[in-house]
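*Asks:* This note's numbering runs 164 ahead of the 1-based position in the sequence shown.
Even glycine gets a Cβ: it sits at the ideal position worked out from N, Cα and C.
As the structure is a computational prediction, the values presented were derived from the model and not from experiment.
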Amino acid sequence: MNEAGNVTAAGDPVIKGPRRNIPRVDQLRRGFPLIFLVLLIAVFTIMSPRFLSLDNLSTVLEQGTVLLVAALGMTFIIMAGSIDISVGAIVAVSALVAALTADSLGVWAIIPAVAAGALCGLINGLLLAVGKVPSFIATMGTMVVYRGLVLYFTRGAPVSIDDDGFLWTYSDYSWGIPHSVMIGLALAVLAWCIINYTVFGREVRAIGGGERVSILTGIAVTRVKIFMFVLLGALAGMAGLLQGARTMAATSQLGLGLELDVIAAVVVGGTPLTGGLGSIVNTMLGVLIITLLSSGMNMAGVDPYLQNIIKGIVLICAVFVTIDRKKIGIIK
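#1: Is it buried or exposed, C284, if we count other Cβ atoms within 10 angstroms and call 16 or more buried?
#2: What does the alpha-carbon distance come out to for the pair S246 and G397?
#3: Identify every residue that forms a DSSP beta bridge with Y337.
#4: L422: which of L232, G433, L264 sits nearest, CA to CA?
#5: Could you give the residue range of the alpha helix (DSSP H) that holds A429?
#6: Given that a residue counts as buried once 16 or more other Cβ atoms are within 10 Å of its Cβ, and exposed if not, what is S335?
#7: So, are the CB atoms of G215 and I205 less than 9 angstroms apart?
#8: Does the Cβ-Cβ distance between I265 and A253 come in under 9 angstroms?
#9: Under the three-state reduction of DSSP, which class applies to V394: helix, strand or coil?
#10: Taking all protein chains shown into account, decide if D328 is buried (16 or more other Cβ within 10 angstroms of its Cβ) or exposed.
#11: Sort L452, M402, R387 by Cα distance to G350 and report the nearest one.
#12: Please report the distance separating the alpha-carbon of V483 from that of G305.
#13: Buried or exposed: V296, going by 16 or more other Cβ atoms within 10 Å of its Cβ?
#14: Taking DSSP as the reference, what is the three-state secondary structure of A282?
#15: Who are the Cβ neighbours of M412 in its own chain at under 7 angstroms, not counting the five residues just before and after it?
#16: Got a sec: does the ligand ATP put a non-hydrogen atom nearer than 8 angstroms to the Cβ of M412?
#17: May I have a chain-ordered list of the alpha helix (DSSP H) segments no shorter than 4 residues that lie completely inside the region 305-379?
#18: Distance check for V314 and V230, CA to CA, integer angstroms please.
#19: Output yes or no for whether 9 angstroms exceeds the beta carbon distance between G237 and A355.
#20: Looking at C-beta atoms only, is the number of pairs between the region 428-436 and the region 446-453 that lie closer than 8 angstroms three or more?
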(Lines of atoms letter the chains of each structure in order from A and count residues from 1; the text may use other names and numbers.)
(Lines give C-alpha, C1' and ligand atoms only; values in the text may rest on other atoms or scores of the structure.)
Protein backbone atom coordinates (compact mmCIF):
# COMPACT_ATOMS: atom_id res chain seq x y z
CA MET A 1 0.00 0.00 0.00
CA ASN A 2 1.48 3.37 -1.07
CA GLU A 3 1.94 6.08 1.52
CA ALA A 4 0.23 9.40 0.96
CA GLY A 5 2.16 11.61 -1.41
CA ASN A 6 3.80 8.67 -3.17
CA VAL A 7 1.16 8.33 -5.91
CA THR A 8 0.14 10.61 -8.76
CA ALA A 9 -3.38 11.93 -9.33
CA ALA A 10 -3.98 9.00 -11.68
CA GLY A 11 -3.02 6.52 -8.97
CA ASP A 12 0.35 5.62 -10.47
CA PRO A 13 3.30 5.26 -8.06
CA VAL A 14 5.89 8.02 -8.07
CA ILE A 15 9.34 6.72 -8.99
CA LYS A 16 12.04 8.52 -7.07
CA GLY A 17 15.56 8.55 -8.42
CA PRO A 18 18.61 8.31 -6.19
CA ARG A 19 19.69 11.52 -4.51
CA ARG A 20 22.83 13.01 -5.98
CA ASN A 21 25.54 14.54 -3.85
CA ILE A 22 27.35 16.13 -6.79
CA PRO A 23 28.45 19.72 -5.90
CA ARG A 24 26.55 22.37 -7.77
CA VAL A 25 28.31 24.07 -10.65
CA ASP A 26 27.57 27.48 -9.14
CA GLN A 27 29.43 26.50 -5.98
CA LEU A 28 32.43 25.44 -8.06
CA ARG A 29 32.41 28.80 -9.84
CA ARG A 30 32.34 30.69 -6.57
CA GLY A 31 35.04 28.60 -4.94
CA PHE A 32 37.37 28.31 -7.96
CA PRO A 33 39.57 31.38 -7.22
CA LEU A 34 40.31 30.39 -3.62
CA ILE A 35 40.83 26.70 -4.48
CA PHE A 36 43.21 27.58 -7.32
CA LEU A 37 45.12 30.08 -5.15
CA VAL A 38 45.68 27.48 -2.43
CA LEU A 39 46.86 24.90 -4.99
CA LEU A 40 49.18 27.44 -6.58
CA ILE A 41 50.78 28.33 -3.25
CA ALA A 42 51.20 24.65 -2.36
CA VAL A 43 52.83 23.75 -5.69
CA PHE A 44 55.29 26.68 -5.74
CA THR A 45 56.16 26.22 -2.06
CA ILE A 46 57.17 22.64 -2.82
CA MET A 47 59.17 23.76 -5.86
CA SER A 48 60.90 26.63 -4.03
CA PRO A 49 61.01 26.94 -0.21
CA ARG A 50 61.76 30.67 -0.58
CA PHE A 51 58.38 31.24 -2.21
CA LEU A 52 56.59 31.96 1.10
CA SER A 53 59.34 34.16 2.52
CA LEU A 54 58.32 37.62 3.76
CA ASP A 55 60.65 39.32 1.27
CA ASN A 56 59.07 37.50 -1.67
CA LEU A 57 55.51 38.13 -0.48
CA SER A 58 56.29 41.83 0.00
CA THR A 59 57.70 41.98 -3.53
CA VAL A 60 54.62 40.17 -4.89
CA LEU A 61 52.29 42.70 -3.24
CA GLU A 62 54.26 45.62 -4.65
CA GLN A 63 54.39 44.10 -8.14
CA GLY A 64 50.69 43.29 -8.07
CA THR A 65 49.50 46.77 -7.14
CA VAL A 66 49.50 48.18 -10.69
CA LEU A 67 47.67 45.07 -11.89
CA LEU A 68 45.17 45.37 -9.03
CA VAL A 69 44.32 49.02 -9.67
CA ALA A 70 43.73 48.39 -13.38
CA ALA A 71 41.79 45.18 -12.67
CA LEU A 72 39.41 47.04 -10.33
CA GLY A 73 38.19 49.10 -13.28
CA MET A 74 38.10 46.09 -15.60
CA THR A 75 35.80 44.31 -13.13
CA PHE A 76 33.05 46.85 -13.88
CA ILE A 77 33.56 46.49 -17.63
CA ILE A 78 33.46 42.68 -17.70
CA MET A 79 30.63 42.58 -15.16
CA ALA A 80 28.59 44.62 -17.67
CA GLY A 81 29.41 42.14 -20.43
CA SER A 82 31.93 44.33 -22.28
CA ILE A 83 35.72 44.25 -22.67
CA ASP A 84 38.55 46.80 -22.91
CA ILE A 85 41.85 45.74 -24.41
CA SER A 86 43.30 49.27 -24.48
CA VAL A 87 43.96 49.35 -20.73
CA GLY A 88 47.71 48.72 -21.12
CA ALA A 89 48.02 51.60 -23.59
CA ILE A 90 46.04 53.90 -21.26
CA VAL A 91 48.49 53.03 -18.47
CA ALA A 92 51.35 54.06 -20.76
CA VAL A 93 49.66 57.36 -21.72
CA SER A 94 49.02 58.24 -18.07
CA ALA A 95 52.55 57.34 -17.03
CA LEU A 96 53.88 59.63 -19.76
CA VAL A 97 51.64 62.50 -18.62
CA ALA A 98 52.80 61.96 -15.03
CA ALA A 99 56.45 61.99 -16.13
CA LEU A 100 56.00 65.19 -18.15
CA THR A 101 54.27 67.04 -15.30
CA ALA A 102 55.98 65.61 -12.19
CA ASP A 103 58.86 68.13 -12.20
CA SER A 104 56.48 71.10 -12.25
CA LEU A 105 53.53 69.74 -10.25
CA GLY A 106 55.24 67.25 -7.96
CA VAL A 107 52.71 65.16 -6.05
CA TRP A 108 49.84 66.88 -7.86
CA ALA A 109 50.88 65.29 -11.15
CA ILE A 110 48.25 62.75 -10.14
CA ILE A 111 45.57 65.11 -11.45
CA PRO A 112 46.65 65.32 -15.13
CA ALA A 113 47.69 61.65 -15.10
CA VAL A 114 44.29 60.40 -13.89
CA ALA A 115 42.51 62.94 -16.10
CA ALA A 116 44.38 61.65 -19.17
CA GLY A 117 43.31 58.11 -18.34
CA ALA A 118 39.71 59.22 -17.80
CA LEU A 119 39.74 61.03 -21.16
CA CYS A 120 40.94 57.87 -22.91
CA GLY A 121 38.17 55.93 -21.14
CA LEU A 122 35.61 58.55 -22.19
CA ILE A 123 36.58 58.09 -25.84
CA ASN A 124 36.19 54.32 -25.49
CA GLY A 125 32.81 54.73 -23.79
CA LEU A 126 31.50 57.10 -26.46
CA LEU A 127 32.57 54.74 -29.23
CA LEU A 128 30.68 51.88 -27.55
CA ALA A 129 27.60 53.58 -26.12
CA VAL A 130 27.00 56.31 -28.70
CA GLY A 131 28.82 55.02 -31.77
CA LYS A 132 27.51 51.46 -31.22
CA VAL A 133 30.93 50.00 -32.00
CA PRO A 134 31.48 46.65 -30.23
CA SER A 135 33.76 47.13 -27.25
CA PHE A 136 36.40 44.69 -28.50
CA ILE A 137 36.73 46.44 -31.88
CA ALA A 138 36.54 49.96 -30.40
CA THR A 139 39.23 49.36 -27.78
CA MET A 140 41.43 47.44 -30.20
CA GLY A 141 41.50 50.54 -32.39
CA THR A 142 42.08 52.97 -29.52
CA MET A 143 44.80 50.71 -28.13
CA VAL A 144 46.78 51.28 -31.32
CA VAL A 145 46.08 55.02 -31.23
CA TYR A 146 47.05 55.48 -27.57
CA ARG A 147 50.20 53.40 -27.96
CA GLY A 148 51.04 55.40 -31.09
CA LEU A 149 50.68 58.67 -29.17
CA VAL A 150 53.16 57.46 -26.55
CA LEU A 151 55.63 56.44 -29.24
CA TYR A 152 55.18 59.78 -31.04
CA PHE A 153 55.87 61.94 -27.98
CA THR A 154 58.69 59.81 -26.55
CA ARG A 155 60.31 58.87 -29.87
CA GLY A 156 61.08 55.58 -28.17
CA ALA A 157 63.22 57.23 -25.46
CA PRO A 158 62.32 56.99 -21.75
CA VAL A 159 61.09 60.11 -19.93
CA SER A 160 62.63 60.13 -16.46
CA ILE A 161 60.88 61.21 -13.24
CA ASP A 162 63.21 63.03 -10.83
CA ASP A 163 60.94 64.87 -8.39
CA ASP A 164 61.68 63.53 -4.90
CA GLY A 165 58.25 64.41 -3.48
CA PHE A 166 56.48 62.56 -6.27
CA LEU A 167 58.68 59.49 -5.96
CA TRP A 168 58.39 59.37 -2.15
CA THR A 169 54.60 59.70 -2.18
CA TYR A 170 53.90 57.04 -4.77
CA SER A 171 56.77 54.56 -4.50
CA ASP A 172 58.43 54.81 -1.06
CA TYR A 173 57.66 52.95 2.18
CA SER A 174 56.11 53.79 5.54
CA TRP A 175 56.19 51.34 8.45
CA GLY A 176 57.66 48.80 6.04
CA ILE A 177 54.62 48.97 3.74
CA PRO A 178 54.89 50.35 0.17
CA HIS A 179 52.78 53.47 -0.36
CA SER A 180 51.57 51.97 -3.63
CA VAL A 181 50.11 48.98 -1.77
CA MET A 182 48.28 51.33 0.62
CA ILE A 183 46.85 53.26 -2.33
CA GLY A 184 45.83 50.05 -4.11
CA LEU A 185 44.02 48.69 -1.05
CA ALA A 186 42.24 52.02 -0.50
CA LEU A 187 41.03 52.01 -4.10
CA ALA A 188 39.91 48.37 -3.73
CA VAL A 189 37.77 49.34 -0.70
CA LEU A 190 36.31 52.24 -2.70
CA ALA A 191 35.51 49.99 -5.69
CA TRP A 192 33.94 47.41 -3.34
CA CYS A 193 31.67 50.10 -1.88
CA ILE A 194 30.68 51.32 -5.35
CA ILE A 195 29.69 47.83 -6.52
CA ASN A 196 27.80 46.88 -3.38
CA TYR A 197 26.31 50.11 -2.08
CA THR A 198 25.61 52.43 -5.02
CA VAL A 199 22.93 52.60 -7.67
CA PHE A 200 25.66 52.65 -10.32
CA GLY A 201 27.03 49.31 -9.12
CA ARG A 202 23.58 47.71 -9.27
CA GLU A 203 22.99 49.17 -12.73
CA VAL A 204 26.28 47.76 -14.07
CA ARG A 205 25.37 44.31 -12.75
CA ALA A 206 21.87 44.62 -14.23
CA ILE A 207 23.21 45.56 -17.68
CA GLY A 208 25.47 42.52 -17.65
CA GLY A 209 22.54 40.33 -16.64
CA GLY A 210 20.32 41.56 -19.45
CA GLU A 211 20.70 44.84 -21.32
CA ARG A 212 17.27 44.82 -22.95
CA VAL A 213 15.58 44.23 -19.62
CA SER A 214 17.67 47.03 -18.11
CA ILE A 215 16.43 49.44 -20.77
CA LEU A 216 12.81 48.45 -20.10
CA THR A 217 13.29 49.03 -16.37
CA GLY A 218 14.43 52.60 -16.99
CA ILE A 219 18.20 52.29 -16.55
CA ALA A 220 20.11 54.90 -18.55
CA VAL A 221 22.29 52.29 -20.23
CA THR A 222 24.21 54.76 -22.41
CA ARG A 223 25.16 56.90 -19.42
CA VAL A 224 26.18 53.90 -17.31
CA LYS A 225 28.35 52.45 -20.09
CA ILE A 226 30.15 55.74 -20.65
CA PHE A 227 30.77 56.23 -16.93
CA MET A 228 32.13 52.71 -16.38
CA PHE A 229 34.70 53.22 -19.16
CA VAL A 230 35.65 56.60 -17.68
CA LEU A 231 36.07 54.85 -14.32
CA LEU A 232 38.32 52.22 -15.86
CA GLY A 233 40.32 54.95 -17.60
CA ALA A 234 40.80 56.87 -14.35
CA LEU A 235 41.94 53.74 -12.50
CA ALA A 236 44.26 52.83 -15.39
CA GLY A 237 45.59 56.39 -15.10
CA MET A 238 46.33 55.79 -11.43
CA ALA A 239 48.00 52.49 -12.33
CA GLY A 240 50.17 54.30 -14.87
CA LEU A 241 51.19 56.87 -12.29
CA LEU A 242 52.16 54.15 -9.80
CA GLN A 243 54.09 52.21 -12.42
CA GLY A 244 55.92 55.34 -13.56
CA ALA A 245 56.85 56.14 -9.95
CA ARG A 246 58.05 52.58 -9.38
CA THR A 247 60.32 52.58 -12.45
CA MET A 248 61.16 56.33 -12.12
CA ALA A 249 60.40 56.77 -15.81
CA ALA A 250 57.78 56.47 -18.51
CA THR A 251 58.69 54.36 -21.51
CA SER A 252 56.98 53.49 -24.77
CA GLN A 253 56.88 49.83 -23.72
CA LEU A 254 55.30 50.47 -20.32
CA GLY A 255 52.05 48.53 -19.90
CA LEU A 256 52.69 46.44 -23.01
CA GLY A 257 50.79 43.16 -22.59
CA LEU A 258 49.22 44.33 -19.33
CA GLU A 259 45.75 43.91 -20.81
CA LEU A 260 46.19 40.12 -20.86
CA ASP A 261 47.08 40.04 -17.16
CA VAL A 262 44.25 42.42 -16.25
CA ILE A 263 41.59 40.43 -18.09
CA ALA A 264 43.04 37.17 -16.79
CA ALA A 265 43.00 38.44 -13.19
CA VAL A 266 39.33 39.45 -13.40
CA VAL A 267 38.21 36.25 -15.13
CA VAL A 268 40.33 33.95 -12.97
CA GLY A 269 38.82 35.76 -10.01
CA GLY A 270 35.41 34.47 -11.03
CA THR A 271 33.85 37.34 -12.99
CA PRO A 272 32.39 35.58 -16.07
CA LEU A 273 32.79 37.14 -19.50
CA THR A 274 29.03 36.73 -19.94
CA GLY A 275 28.53 39.50 -17.40
CA GLY A 276 25.98 39.95 -14.63
CA LEU A 277 28.29 38.81 -11.82
CA GLY A 278 31.35 40.34 -10.26
CA SER A 279 33.20 40.74 -7.00
CA ILE A 280 36.07 43.02 -6.01
CA VAL A 281 37.22 40.48 -3.43
CA ASN A 282 37.41 37.78 -6.12
CA THR A 283 39.25 40.17 -8.43
CA MET A 284 41.82 40.67 -5.66
CA LEU A 285 42.17 36.88 -5.45
CA GLY A 286 42.61 36.79 -9.23
CA VAL A 287 45.34 39.44 -9.03
CA LEU A 288 47.11 37.37 -6.37
CA ILE A 289 46.86 34.28 -8.58
CA ILE A 290 48.33 36.00 -11.64
CA THR A 291 51.06 37.75 -9.63
CA LEU A 292 52.00 34.62 -7.68
CA LEU A 293 51.95 32.62 -10.91
CA SER A 294 54.51 34.95 -12.49
CA SER A 295 56.64 35.13 -9.34
CA GLY A 296 56.47 31.38 -8.75
CA MET A 297 57.45 30.54 -12.32
CA ASN A 298 60.43 32.89 -12.10
CA MET A 299 61.59 31.39 -8.79
CA ALA A 300 61.07 27.86 -10.10
CA GLY A 301 63.18 28.65 -13.16
CA VAL A 302 60.42 28.17 -15.73
CA ASP A 303 61.53 29.14 -19.24
CA PRO A 304 60.42 32.78 -19.83
CA TYR A 305 59.21 31.79 -23.28
CA LEU A 306 56.81 29.28 -21.70
CA GLN A 307 55.36 31.61 -19.09
CA ASN A 308 52.87 33.35 -21.40
CA ILE A 309 51.75 29.95 -22.67
CA ILE A 310 51.05 28.85 -19.10
CA LYS A 311 49.18 32.09 -18.36
CA GLY A 312 47.07 31.54 -21.46
CA ILE A 313 46.21 28.01 -20.38
CA VAL A 314 45.22 29.27 -16.92
CA LEU A 315 42.95 31.89 -18.53
CA ILE A 316 41.30 29.28 -20.75
CA CYS A 317 40.70 27.00 -17.76
CA ALA A 318 39.24 29.90 -15.78
CA VAL A 319 36.84 30.83 -18.58
CA PHE A 320 35.85 27.17 -18.96
CA VAL A 321 34.99 26.95 -15.26
CA THR A 322 33.39 30.37 -14.71
CA ILE A 323 31.35 30.86 -17.88
CA ASP A 324 27.60 30.47 -17.44
CA ARG A 325 26.58 28.38 -20.44
CA LYS A 326 22.88 28.80 -19.66
CA LYS A 327 23.18 32.43 -20.72
CA ILE A 328 24.60 31.54 -24.14
CA GLY A 329 22.27 30.03 -26.69
CA ILE A 330 24.78 29.54 -29.49
CA ILE A 331 28.59 29.44 -29.27
CA LYS A 332 30.19 31.15 -32.26
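*Replies:* If we stick to the structure as given:
#1: Buried is the call here.
#2: Here the alpha carbons of G397 and S246 stand approximately 14 angstroms from one another.
#3: As DSSP reads the structure, Y337 sits in a beta bridge with P342.
#4: Nearest C-alpha to L422: L232.
#5: Note, A429: alpha helix (DSSP H), 422-432.
#6: Its Cβ being crowded by 16 or more others within 10 Å, S335 is buried.
#7: Per the sequence presented here, residue 215 reads as Phe, with Gly not at that position. Cβ distance < 9 angstroms, so F215 and I205 count as in contact.
#8: The displayed chain sequence assigns Thr, not Ile, to residue 265. Not in contact: T265 and A253 (Cβ atoms no closer than 9 angstroms).
#9: Helix at V394.
#10: It is exposed - the Cβ of D328 has fewer than 16 other Cβ atoms within 10 Å.
#11: Note that residue 350 is Ala in the sequence shown, not Gly. Taking only the C-alpha atoms, the option nearest A350 is M402.
#12: Cα to Cα, the separation comes out at about 25 angstroms.
#13: At residue 296 the sequence reads Lys, which differs from the Val that was named. Classification for K296: exposed.
#14: Of the three classes helix, strand and coil, the one that applies to A282 here is helix, per DSSP.
#15: If the five residues before and after M412 are omitted, its C-beta is found closer than 7 angstroms to the C-beta atoms of S324, I325, L331, all from its own chain and listed in chain order.
#16: In terms of ligand content, the structure shown is empty, and the ligand ATP therefore cannot be addressed.
#17: Taking only runs of at least 4 residues, the alpha helix (DSSP H) segments lying wholly in the region 305-379 are 328-335, 343-361, 363-373.
#18: Between V230 and V314, the C-alpha separation is close to 19 angstroms.
#19: At a Cβ-Cβ threshold of 9 angstroms, G237 and A355 count as neighbours.
#20: Below 8 angstroms, enough C-beta pairs join the region 428-436 and the region 446-453 to call them touching: three or more.
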